[in-house]
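Okay, so the sequence shown: first residue is 185 according to this note's numbering, each after it adds one. Below: the structure, in structure tokens.
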Amino acid sequence: MNASSISSRSSVLGLLKRSLEIVIGLLVLGVVFCVVSNVFGRFVLNYSFVWAEELSRVLFIWLVLLGAGLGSLNNEHVSVTFFKNMAPPKIRRVFGILSVLIIYVVCVCILLGFQHLVAGYISTTPLLKLPKTLLYSAMPVMAVLTLIANTIFLFQLLKRSPK
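Written as structure tokens, this is what we have:
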């Protein structure tokens with residue numbers, strides 16, 4: 185593997201992360217807009233915008249799941265490291281590989297489950313008539329982002345030699 189391929193791979197990953205940050209920021213703005221307009225409508229106009237509640241729910245689901253995928257790409261997921269840090273390096277490596285395998289299994293289950301979930305699924309949201317498959321597709325997107333992050337972590341883990 186030469187330096188240019190590593191550089192291009194890291195620039196693609198950097199572009200993916202930056203794009204996700206921008207999309208997540210826009211989703212936050214969308215959720216804030218929906219909630220503020222609904223609060224304004226209820227307390228000032230004495231009218232509730234039903235579309236705002238439904239749209240904020242859809243945007244929030246995408247926000248959370250894309251944020252989880254970005255957190256995985258940045259290696260910022262929650263983990264308990266107290267006992268892992270006390271273990272010798274070879275055992276730590278085994279724990280790392282075991283956690284990678286568990287995450288792979290969970291992501292594959294999400295992807296397979298999504299495939300079965302949307303087979304013939306034609307339901308829409310009540311007011312905006314958005315297809316619920318649009319809502320549920322946040323799960324496989326998050327799973328793919330997590331698989332990418334997990335694969336990068338696995339390569340880094342295998343490249344390092346145990347001390």
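Quick reminder that beta carbons are idealized off the backbone N, C-alpha and C, glycines included. Treat the numbers as computed from the prediction; the structure is a model and nothing was measured.
Query, Result
"Span separating the alpha-carbon of G225 from that of T309", "22 Å"
"Per-residue DSSP class, three states only, for P272", "coil"
"L257 versus P272 - alpha carbon distance", "26 Å"
"Nearest-angstrom Cα separation, counted from W235 out to F217", "12 Å"
"For T308, three-class secondary structure by DSSP", "strand"
"Rounded Cβ spacing between L243 and G214 (contact assumed at less than 8 Å)", "5 Å"
"Test item: CB-CB of V325 and L211 under 8 Å", "no"
"Strand pairing of P315, partner residues [DSSP]", "T308"
"V228 (DSSP reduced to helix, strand or coil)", "coil"
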